[in-house]
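Taking it in order: structure first as structure tokens, then the write-up.
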Amino acid sequence: MKNEAIIEIRDLVAKYGEKTVLDGISVDIYPGEVTVILGGSGCGKTTLLKNMLRLYEPFSGSVRFCGEEILTMDEKAFNRVLQQIGMLFQNGALLNSMSVYDNVSIPLELHTKLPRHIIDRIIRVKLHLVGLSEAIYKFPSELSGGMKKRAALARAMALDPLILFCDEPSAGLDPITSAALDDLILDLKQQLSMTIVIVTHELASIHRIADRIIFLEGGKMLFNGSLPDAKRAGIPQIDRFFEVGKF
Amino acid sequence: MKVSNATLYLEGEFSKHKVYELERELNSFLKTEHINTVDLSGISMIDSAGVALLDEIHTRLQPKARILLFRAASSEVQAVIDTFTTLKLEVQARDREMGFFEKLGDSALYGWSQLVETFTLASEVFYYSVIGLFDRRKQRKGSFVQQALLLGFDALPIVALLSFIIGFIIALQSGVLLRDFGANVFIADLMAVSIVRELSPLITAIIVAGRSGSAIASEIATMQVTEELDALRMMALNPIRYVVVPKFHAITVVMPILIVLSILVSMIGGAIIALGYLGLSVEVFYARSVEILTIKDIVISFGKSIWFAWVIVVIGSHFGFQVKGGAEGVGKSTTSAVVASIFAVIIFDAIFSLLYL
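Line by line, the protein sequences give chains A and B.
Just so you know, this note's numbering puts 61 at position 61 of the first sequence, and the rest follows in order with no gaps.
Each number in this note's numbering corresponds to the 1-based position in the second sequence with 1000 added.
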């Protein structure tokens, strides 16, 4: 589409035991775009996301971030890469022993030299953006599922990362909060030129934010392109996906 | 960065990597210069840390300047500022810390409520255990055997090993003193009374509290967190009857078995010292051990062990049902259950000792 790819994935194969979950995926993620990874349950979406980030070790293949191979990178170099990446996990993955405020402060305290009062402002504005100003000193156990997810998003974007990965950000959220989250994602993309990779099933969300969609089925990539192109491609699985979601 | 005609000209990159140095540079200007305008036209890039720094500048200049103007930001920079500014946010106050006496009162109330809830649970467990003896329809088939294996059979090796070591050590420590007084033969009396009346029930109960009490608490807590208990309720099954009662029945049967094993193995440990170090014969050791023990000793030993078993199940279940939060709550409940069970076992042991000297 435009520019050079910020992430280049080549021939990525992932297995759970003998079962092949990703079968030779090759895809490029472009800067400043919202890329949505789509597909039915168990098709390998989350596995693809986690293999990209070395949370799982792929069986074979290559993942390049800004031109650098990250699968073979040493830990120190990879940690530098990770500081440019934010990840929102499916269930939030907040540290339960810390308040929401402290959860968001972790990356800011550990990866920057920012003074405390600046960190405090960043935390408050990030939590305000996700609509959690009221819950700033609460603990994760006191939050609903949707609130946990929003707090986790605030933590993921604490460092204004170059790339934000979101695993099902809208799942479990009401439509209004979900739409507000989409608006925030679009703001992050437009104002900070953030690259965003999202795994989601929410069709409304996909229509609002997706610049590019990657459709997976059975561990293989069926489609990679814009949403209008996906609808015109005449691929039965994709047509069915969008058809059953109509209301 | 410079100041001219009461205007602070900001330039360059205002990002998280630069804010630390920028703030140090700014401090000198903000302290010495009079500033009523901040020119943002030179800012080439800004992120949320940069916006936080601008807000900090605003907060520090505002009290000094009658009119403070931030001007000439590019549209891109202005958009980022509009998104990340903290100036419009209300500061959320932290909850007030409780005073010493409030904490004390709170803890006392909490302790009391825990006690009441434990007794309530205990009464329900006893009730359904009796009902369950006659009507097993609402209990899963095979659950008694499964729990008996889990709580009893699996604990056999550890109970046997620790009991042997403790019997051996007590005999060794006592034997040294007894030999000095030529009272070698009394090792059998000493071992029999201390092991049967006190040590075997106590040691076994502590092992079971640590091993099975934690397993009970974590299993029930996990079921609570994952809504499995709610699912049982929605299937018209009482969680206490379905989950706790099989454990209660199983531990009531297996605990005396563990005690018998513990007594036998401890006595073997003691016999090794009595025979090898103190020169007693097997016949003498056996005869004196049996002679010194009364029916009362045996009854107290088994009575205590069954009581301890009930305490462990009730406390483990109580902390399991009380879990709050997610995975972290399960860990906390399990830890609390083990600590409370061991504490309760020792307290009850002291009470038994006072009552049946």
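All C-beta atoms in this analysis are idealised placements derived from N, C-alpha and C, irrespective of residue type, glycine included.
Buried versus exposed call for residue i [16 or more other C-beta atoms within 10 Å across all chains shown]
i         : result
B:Pro1157 : exposed
A:Asp160  : buried
A:Lys231  : exposed
B:Phe1101 : exposed
A:Glu296  : It is not possible to answer for residue 296 of chain A, since the shown part of chain A is limited to 1 through 247.
A:Ile176  : exposed
B:Lys1332 : buried
B:Ser1107 : exposed
B:Ala1350 : exposed
A:Asp11   : exposed
B:Thr1118 : buried
A:Ile9    : buried
A:Glu4    : exposed
B:Val1196 : buried
B:Leu1354 : exposed
B:Met1001 : exposed
A:Met1    : In this prediction, A:Met1 scores a pLDDT of 45, lower than 50, which makes its location untrustworthy; no coordinate-derived value is stated.
A:His207  : exposed
B:Val1091 : exposed
Reduced DSSP secondary structure (H/G/I, E/B, other) of residue i
i         : result
A:Ser193  : coil
A:Tyr56   : coil
B:Asn1027 : helix
B:Ser1167 : The residue asked about is misnamed: residue 1167 of chain B is Gly in this sequence, not Ser. Note: B:Gly1167 maps to helix in three-state DSSP.
A:Tyr16   : strand
B:Glu1228 : helix
A:Glu8    : strand
A:Asn103  : helix
A:Asp167  : strand
B:Arg1094 : coil
A:Gly253  : Nothing about residue 253 of chain A can be read from this structure; chain A reaches only from 1 to 247.
A:Gly234  : coil
B:Gly1331 : helix
A:Val81   : helix
A:Phe215  : strand
A:Met1    : Only weak support is given to the placement of A:Met1: the predicted model assigns it a pLDDT of 45, under 50, and the question is left unresolved by the model.
B:Thr1007 : strand
CB of residue i within 8 Å of CB of residue j, strictly
i         : j         : result
A:Ile238  : A:Thr195  : no
A:Ser226  : A:Thr200  : no
B:Gly1042 : B:Glu1011 : yes
A:His111  : B:Glu1056 : no
B:Ile1257 : B:Ala1192 : no
A:Leu192  : B:Asp1047 : yes
B:Ile1259 : B:Ser1305 : yes
A:Arg155  : A:Asn79   : no
B:Phe1285 : B:Ala1209 : no
A:Asp23   : A:Lys220  : yes
B:Phe1308 : B:Ala1148 : no
Contacts of residue i in chain A (Cβ-Cβ under 7 Å)
i         : result
B:Arg1360 : Coverage of chain B is limited to positions 1001 through 1357, which leaves residue 1360 of chain B absent and any answer about it impossible.
B:Ala1217 : Within chain A, no residue comes near B:Ala1217; the closest Cβ sits about 17 Å away, beyond 7 Å.
B:Phe1084 : Val125
B:Leu1053 : Ile118
B:Gly1325 : Asn96 and Ser141
Chain-ordered chain B contacts of residue i [CB-CB under 7 Å]
i        : result
A:Ile6   : Those do not exist, as A:Ile6 stays about 17 Å from chain B at its closest Cβ, beyond 7 Å.
A:His117 : Glu1056
A:Val250 : Within the shown structure, residues of chain A are numbered from 1 to 247, placing residue 250 of chain A beyond reach of any answer.
Partners in chain A for residue i, counting only beta-carbon separations shorter than 8 Å
i         : result
B:Lys1018 : Per Cβ cutoff of 8 Å: no residues; B:Lys1018 is ~10 Å from chain A at best.
B:Ala1079 : Gln190 and Gln191
9 Å Cβ cut-off: residues of chain B touching residue i
i        : result
A:Thr150 : It is Arg, not Thr, that sits at residue 150 of chain A in the sequence shown. Simply none; closest approach about 16 Å.
A:Thr112 : Lys1016, His1017, Val1019, Tyr1020 and Ala1049
A:Ser133 : Leu1089, Glu1090 and Gln1092
Within chain B, partners of residue i - CB distance below 8 Å
i        : result
A:Ile136 : Gln1092
task: Decide yes or no for the touch test of the region 1230-1247 of chain B against the region 1116-1128 of chain B: beta carbon pairs closer than 8 Å, at least 3 of them.
output: yes
- prompt: At a cut of 8 Å, does the region 131-147 of chain A reach the region 65-75 of chain A through at least three beta carbon pairs?
  reply: no
query: Using 8 Å as the threshold, is the region 127-134 of chain A in touch with the region 44-58 of chain A, meaning 3 or more CB pairs across them?
result: no
task: Determine, using beta-carbon pairs with one atom in the region 35-44 of chain A and one in the region 85-94 of chain A, whether at least three such pairs fall under 8 Å.
output: no
message: Within 8 Å, do at least three Cβ pairs link the region 1337-1345 of chain B to the region 1279-1292 of chain B?
response: no
message: Under 8 Å, with one C-beta from each stretch per pair, do the region 1301-1316 of chain B and the region 1209-1218 of chain B reach the 3-pair mark?
response: yes
- prompt: Looking at C-beta atoms only, is the number of pairs between the region 1262-1280 of chain B and the region 1165-1175 of chain B that lie closer than 8 Å three or more?
  reply: yes
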